[in-house]
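There are 4 protein chains.
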Amino acid sequence: MAFSRSTRMRWVVGRVMVGSFVIAPIPAQRGRNVHHPVCCIQQDPGRVYHAGGGWIMVKQRLTFLADFVEALTRRKRGDEDATRTALARPPLERATVACAVLMGRIGDAARVAVADQALSAYGDLEDGDRLEFFRTLRDAYGVDADRIRQAYAAWDAAPDAAGVARLFGAVEPRRQTLLRRLNLAPGATLRLVRMREHLLEAIRQDPALAPIDEDFAHLFASWFNRGFLTMRRIDWNSPAAVLEKLMAYESVHRMAGWDDLKRRLADGDRRLYAFFHPATGDEPLIFVEVALTRGIPDAIAPILTAPHDRDPAPADTAVFYSINNSLAGLKGVSFGNFLIKQVVAVLSAELPQLRCFVTLSPVPGFARWLGAQDDPRMTALAGALSRGDWQADPGLVESLRPEVEAVAARYILNAKARGDQPADPVARFHLGNGASAHRLNWPADLAPSGLRGAHGLMINYLYELDAIEARHEAFIRDGTVAHGPQLAEARAR
Amino acid sequence: MAFSRSTRMRWVVGRVMVGSFVIAPIPAQRGRNVHHPVCCIQQDPGRVYHAGGGWIMVKQRLTFLADFVEALTRRKRGDEDATRTALARPPLERATVACAVLMGRIGDAARVAVADQALSAYGDLEDGDRLEFFRTLRDAYGVDADRIRQAYAAWDAAPDAAGVARLFGAVEPRRQTLLRRLNLAPGATLRLVRMREHLLEAIRQDPALAPIDEDFAHLFASWFNRGFLTMRRIDWNSPAAVLEKLMAYESVHRMAGWDDLKRRLADGDRRLYAFFHPATGDEPLIFVEVALTRGIPDAIAPILTAPHDRDPAPADTAVFYSINNSLAGLKGVSFGNFLIKQVVAVLSAELPQLRCFVTLSPVPGFARWLGAQDDPRMTALAGALSRGDWQADPGLVESLRPEVEAVAARYILNAKARGDQPADPVARFHLGNGASAHRLNWPADLAPSGLRGAHGLMINYLYELDAIEARHEAFIRDGTVAHGPQLAEARAR
Amino acid sequence: MAFSRSTRMRWVVGRVMVGSFVIAPIPAQRGRNVHHPVCCIQQDPGRVYHAGGGWIMVKQRLTFLADFVEALTRRKRGDEDATRTALARPPLERATVACAVLMGRIGDAARVAVADQALSAYGDLEDGDRLEFFRTLRDAYGVDADRIRQAYAAWDAAPDAAGVARLFGAVEPRRQTLLRRLNLAPGATLRLVRMREHLLEAIRQDPALAPIDEDFAHLFASWFNRGFLTMRRIDWNSPAAVLEKLMAYESVHRMAGWDDLKRRLADGDRRLYAFFHPATGDEPLIFVEVALTRGIPDAIAPILTAPHDRDPAPADTAVFYSINNSLAGLKGVSFGNFLIKQVVAVLSAELPQLRCFVTLSPVPGFARWLGAQDDPRMTALAGALSRGDWQADPGLVESLRPEVEAVAARYILNAKARGDQPADPVARFHLGNGASAHRLNWPADLAPSGLRGAHGLMINYLYELDAIEARHEAFIRDGTVAHGPQLAEARAR
Amino acid sequence: MAFSRSTRMRWVVGRVMVGSFVIAPIPAQRGRNVHHPVCCIQQDPGRVYHAGGGWIMVKQRLTFLADFVEALTRRKRGDEDATRTALARPPLERATVACAVLMGRIGDAARVAVADQALSAYGDLEDGDRLEFFRTLRDAYGVDADRIRQAYAAWDAAPDAAGVARLFGAVEPRRQTLLRRLNLAPGATLRLVRMREHLLEAIRQDPALAPIDEDFAHLFASWFNRGFLTMRRIDWNSPAAVLEKLMAYESVHRMAGWDDLKRRLADGDRRLYAFFHPATGDEPLIFVEVALTRGIPDAIAPILTAPHDRDPAPADTAVFYSINNSLAGLKGVSFGNFLIKQVVAVLSAELPQLRCFVTLSPVPGFARWLGAQDDPRMTALAGALSRGDWQADPGLVESLRPEVEAVAARYILNAKARGDQPADPVARFHLGNGASAHRLNWPADLAPSGLRGAHGLMINYLYELDAIEARHEAFIRDGTVAHGPQLAEARAR
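Chains as they are written, first to last, in UniProt numbering: chain A, 1 to 493; chain B, 1 to 493; chain C, 1 to 493; chain D, 1 to 493.
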């Protein structure tokens, strides 16, 4: 397994007519310390192919490689058949090779083409192959253990900032470089977001893939920095291609079609704002739907079915009635907080008569939590609510309401999940933003999803600009849940 | 110096009326391991203020702190005097405190305001204070040594990907988080680029600041990924604000004013393309000026003084006669390669009659190199050229030319700087891009800068699409300098 | 009915507290020659109100007038009740008064507001009142007969260009000035187009209104000059508000909804181009739908139901399969010709492989014409086609086709309407544009509209750039109908 | 001179090989009534060529005609020499023939090309030829006298609206059709505005051309309807091409260059607004320069030389200190009124603290008027002011000021030009807009132009929204000049 410099110099890039190879990850080996690894291939069958910080054994025929790389890096005149043959190789092979080439010392402009090929090949992968690809990412694009050890030893001996910088360079997985280079391709950012979406699914099947996600998360936090985002209002003059995406991404209160969408965009008393990123173009990363109302609404149906284009002049309240994160691949990259606060600022400037900024939010964890309680009072209520006969019986609703409110107030104010956080995810989000749990509304959402998740309960979270920072701080510091008098009273029942 | 959780809980953010403090970096201490450091202040004077991974001693009165933070994080009604007082503190204090607050657990939206304050305060710093600020960045925003040691030990015991991820988290200097958070402010990206420009100057005075630059470079490589850039053609219909920047940034062949600029933008036979980044708006990051000519030009003056708006139809050659990087703070973030190749693609599509893409480039290192040679032949030539009498003497020019070409060919083909790279920086750039040193032109630039740097010599580097990748590879691999027949012949003299 | 200058000086505009009036047209009177008529009112009831070139008798209480005019021309502080009362008057009164005020000597900026009120009031008219309004336009905004007579006499005595200019001034109906002033209001142009649409309907009820339309047509020809139009491609990234209009305006091959629309906008092998006018904003005045195909299509269904996003590369033909004028109020203002030719130019540049530009057009007059023929051969064919049993019987179709083609060729080539023009309106349009009737296709459109209008017949009209001008000329000069060999042969049967 | 249908059928358009002709206007002839005149040519030399409503005699060789028309209407393959020859004919010939062809029955799309040729040929005319061209416009594109007589007789017999419409059709000079067709060409509108500029110059030489201008004025009033204009703010981010035009067009207070311009566009306390028309693109038709100040300024120099970018917050006054009409060819098409009022509206909304909208205007007619007075008091003052020694002598200024103000107040309030209008053109404009002559400022403009025109005097005209309409009305009706107390008092001296 000796690997002389001279053989290393035989570049893969369109030069060497390679014999018979396979690319596969092998465990990192001690004792080797390649600081500037290159993408190369040895001429003799059975030898090694080196990509990134790990070694890759050569097992299988890869006669196509030279042509493929040729196809990746330039348009070769007069030899289009070879190119076509290369591009017809299985996508996993193509994706793996293209990534390896991308880490080599090819020219910058060639990298754009190779990255594009790598992402195209990735896009053609079946589920099983994706798992395989992610394992390659994990095993072949990690770190060089020897390099870490040396850098650590040096830093430990003289722990200054320069030593930290060297150690940092050794510890950063080569995946990050790979992802940055993949990001050179046109449209790459969105394709990498989709890749992470697949990865998150894959981690559910194979938790050992989780470390890869740290690199995605780390890069996405930089790439999707709030300073790079632009907020745009979406209305009926927006491109149909964008509106179509909104319909697809809306999952809080689904839209029935274009008419439904048009109502939510009505110029008069509706607003919709979204964040966009320059590298993902017309993809709305997150969006919030707003209704302008007189008073704080206590049910969702009147908002969703209101007549078009009512005059916003009498409105004194802006209701955030639906907030959606569009891309699962951006999990953990937080935008919602910024969006809500920027919308509050924009609406305040445009409509100074607005006095109150409030949500009308689902309580997605309520029904499950209630069903899981042992307390007889809870059990009784859960039973009564599950029967569903109350929906058509105003008298029954009136009699149940005090108990529903009492129990719901406990759920919001007291029920905790991991880390002393509120059990309800929507509550976590708004309370963490510095909002107050202002009012319980029951019944407020009789749609199937609303009944299933929360027996029809909804909550208004109130955003009071003067109090947001103090509430955020109290929530983070002490877990204090800011709330309105109705909840306080209901909890006391 | 004990530090209980309860005292740590006294938040700085607008709550605690702090007594008397000063903020200063002290060396990181062994044995402490604060995984989630917070921004806090102790009530008792003389105690400590904790910011980031290092400790900050409290020495001086900082009664303004609470008000300042208040001012940073929200608009407090009815207490504008206090705010004003806080904002009147010296900029170094404001910048330091704002950075500390930014690393605390304040709300996301508050972070936008605090980041803005930090950058404004930074913008007010004098040179001396900047050095101080950078030292704080180095010392107070580094790493937690204990955390590194623990993470290393864990990984060393079981070197898997998860361990690498934890180690990576410990080794990443807190500066990177700080910079990412500063980047939340409006217009922050450009302000951070300016900050790095200052830093690079500061490093010249104090090389011990160099490690900070690694963090800037690391983040900028992500932020200014080629995928986020857009190329725009600049012409006489572009905003005056952009054109004014071009005039300021053009340093290869300076512009005399708006008329000069207008000539370089003439619709007919001139083009100017620039890269822009969405977060730096109308700032041209790099730009290239192109002349469309018939044949490869051998002097710069005819290009700079050509009459306006000549018909591009007879042109067969696109000449890249000036390439400028605008922002010193983006040093090392490479765009030029991408720009040239994209311009070649755009021009090829627009004007299919173009057969040749070539530069007319300065040779900035030639005169200095020649002056430093011991060889009597070189010394003689340097003397003859320095006299300058040849400029007005065509006969003398003719007699000198063979020798100038012979020596210049040696300079381009043989002279090396560190790392076996060509000695000439412009040659390094174009050869590294896969271009060929096509032709020496002497005399080609009689402007003072051209005489001073290269005795009037200029070079055409040729970009041949079919050969770019192979030349790039040969240059990187073997240091092969692709060149035209004229240089080969001249070297042989 | 004497009318002294002093009473004429009592302006209506916000000054005179008028008594009791009504505004109604009375016949123009001989002997009066008011060259600069003003908008005025007399103080005494029963006197006259003068607006424009005709006289208006005062019969009815108009106490609201001063307030109304006040409301029209400025926002009067502290008297909003009076304004509200004025604006609550019946729309016909408001429209009539606002037009009268508009012709007075009010300031230019006030005119914008008055024009807006006039158009708003017009927008509130019921059908019957519209007729009344148009009669006022005809009778009160015509010419001053005495002025015409004097100008004519002067010109007749010395027929020079200056005399013509004066005569022109006298003969131009004051309606044109009124319409130009109405056009000052925001969005006025589109509202005037709608007004003409109503007018064309009204003329069907009352042909005596026809002269008004000459003034609309005259002005619209200036306003909608081709030089003011811009062509835009519409695709799935166009604003939903525009796309919705396309769906509403498409009348040749109706769209079933957004999915249907999306298919017609598919990036691959579909195009849609429209003309827009700056003053009517996002209103597509005319649009053409194009399919890119291989070969000339002989039926419409494969085009309307084709799968999405096919590759345009193999296409050699651009098929204009639907051309729609959107606004009935722009009748007679011709755009279609310009649009088709500009689309041909754009597509030729974008897709040089296109060799053939052709329509697939309905033959809307064929069935009616055929049913009206006496010739037994025609009668027999009409009967056979009307039974409709052929649609499901390929054998019957084959046996009927020669006869359908023979008769259809006669219809296209020989049947004439008024003025020796082809009887078929679509044929008139394309032949007048210089196209050739290239091929009959039967059956090509089995949709109800296609069967009803043309028994399923469609025609390809061919646009050959080299021949367009000669064909246009021959068609205009001699009525020559350019046609393909299939029609020649079919006619001979 | 008989003219049979068959000869009329020999079209000029690229078909007939004409012999020898000349095109020249001859007087309209009685007894001929060609309702649909066509563009044609007779085969035999010496015969007539018919273009428009008049006849054109054929005198000279025009063998080039067929080729020229060919060149105009289509790109004829393989015969580029003939085309080139035709296009090399003298511009007057080309312009005349192209106009004639344009009035013929050529296709719409061909008209675009012919109109373009006509305007290009016009653009090549020398001054003398322009006069000739305008005479052709006057004589050959007028009316058909017989047609007028018949239409008049018919209307006189039965004077209804339909008769008026027919008479209108007969009286409209064919020039208007010609101009509308010329307007089909790309960029035609601006070229026609330039043509009218030439025409206005030509009329000064030859007043008999004046009737043509009525047609231009009539069409431009339609084309440049205020509803088609858009107002844009111009700032330092506007295209350099637009800014360059502003510098060229500014004639009230000339700009010294780009720095001067930049100061006038400073974001802080300067604004510049212009009207644009969609058909003239980036041509600012009229623009107003605004300074935001504290208090009403009494001199121009402090405004023109103010430091950059002052904070607009303390400003309470918007000063319109320069209003420029850009295009002489749009004389009489009034925009200024609309522009000022729209700017007032925009600024009021953006900066609610503005309380006062006022001009600082030149008094261009003052010095000339003063010099022409006989009154010894006036003569004395004119003498004192003309000496100019007061400029450097504050004491002399103080002593002269009461008299200057007294006389200037008389000039503004009492001096009248034709039609009882104020003698001063700037006063006419602002008073007609409903402004008040608020304050005399002397000395306020010591620039050469200010001294020459008004001995350094400037005036503030005040725009008070509540009073504009009443002042406009009083000015139009009674010639009342609204004015401030200073003028009243000064006049009484």
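For glycine and all other residues, C-beta sits at the position ideal for the given N, C-alpha and C.
Would I300(A) pass as a contact of Y321(A) if the rule is Cβ separation under 9 angstroms? yes
Proximal residues to L167(C) (C-beta, below 7 angstroms), its chain only, five neighbours per side dropped: A151, Y152, W155
Local conformation of E289(C) per DSSP, three classes: strand
Cutting at 7 angstroms between CB atoms, please list the residues of its own chain near V397(C), excluding the five before and the five after it. W390, P443
Relative to the C-alpha of P159(C), which residue among V193(D), C356(D), I148(D) is closest? I148(D)
Whole-angstrom distance between G434(B) and D466(B), CA atom to CA atom: 10 angstroms
E93(D), buried or exposed, once every other Cβ within 10 Å from all chains shown has been counted against 16: buried
Expressed to the nearest angstrom, what Euclidean distance is found between the alpha-carbon atoms of S222(C) and L178(D)? 12 angstroms
Ends of the alpha helix (DSSP H) at Y411(B)? 394-413
What are the boundary residues of the alpha helix (DSSP H) that includes H438(D)? First-last for H438(D): 436-441, but that is the beta strand (DSSP E), not the alpha helix (DSSP H).
Check the Cβ-Cβ distances between D269(D) and every residue of chain E, and say whether any is below 9 angstroms. Any reference to chain E falls outside this structure, whose protein chains are A, B, C and D.
Contact criterion: CB-CB distance below 9 angstroms. Does G142(D) meet it with respect to chain C? yes
Contact between the segment 366-379 of chain C and the segment 469-483 of chain C is defined here as three or more beta-carbon pairs at a separation below 8 angstroms; is this criterion met? no
E132(A) at chain B interface by Cβ criterion, 9 angstroms: no
May I ask you to report which of helix, strand or coil DSSP gives L272(D)? strand
Which runs of the beta strand (DSSP E) fall wholly inside the segment 220-254 of chain D and span at least 3 residues, in chain order? 230-233
Of all Cβ atoms in chain A, is any one closer than 9 angstroms to the Cβ of R251(C)? The sequence given here has Ser at residue 251(C), not Arg. Chain A contact via Cβ: absent.
Near F228(D), which residues of its chain fall below 7 angstroms by C-beta distance, leaving aside the five closest residues on each side in sequence? H277, P278
Provide the residue span of the alpha helix (DSSP H) that contains F168(D), from first to last. 161-171
8 angstroms CB neighbourhood of L272(D) in its chain, flanking five on each side removed: R233, I234, D235, L246, R264, L265, F287, V288, E289, V290
Chain-order list of residues whose beta-carbon lies under 8 angstroms from that of D213(A) (same chain, five-residue window excluded): R196, L199, L200, I203
Start-to-end residues for the beta strand (DSSP E) that takes in I300(C): Run containing I300(C): none; DSSP gives neither H nor E here.
Which class does L462(C) belong to by DSSP, given the choice of helix, strand or coil? strand
What residues in the segment 190-219 of chain B bring their beta carbon closer than 7 angstroms to a beta carbon of chain D? none
Is the Cβ of E244(C) closer than 9 angstroms to any Cβ of chain A? yes
Boundaries (first-last residue) of the beta strand (DSSP E) holding Y321(D): 317-325
So the candidates are R174(A), T280(A), V164(A), L385(A); which of them puts its Cα closest to the Cα of D144(A)? R174(A)
Would K416(C) be called buried (16 or more neighbouring beta carbons within 10 Å of its own) or exposed? exposed
Cβ contact (3+ pairs, closer than 8 angstroms) linking the segment 336-351 of chain A and the segment 377-387 of chain A: no
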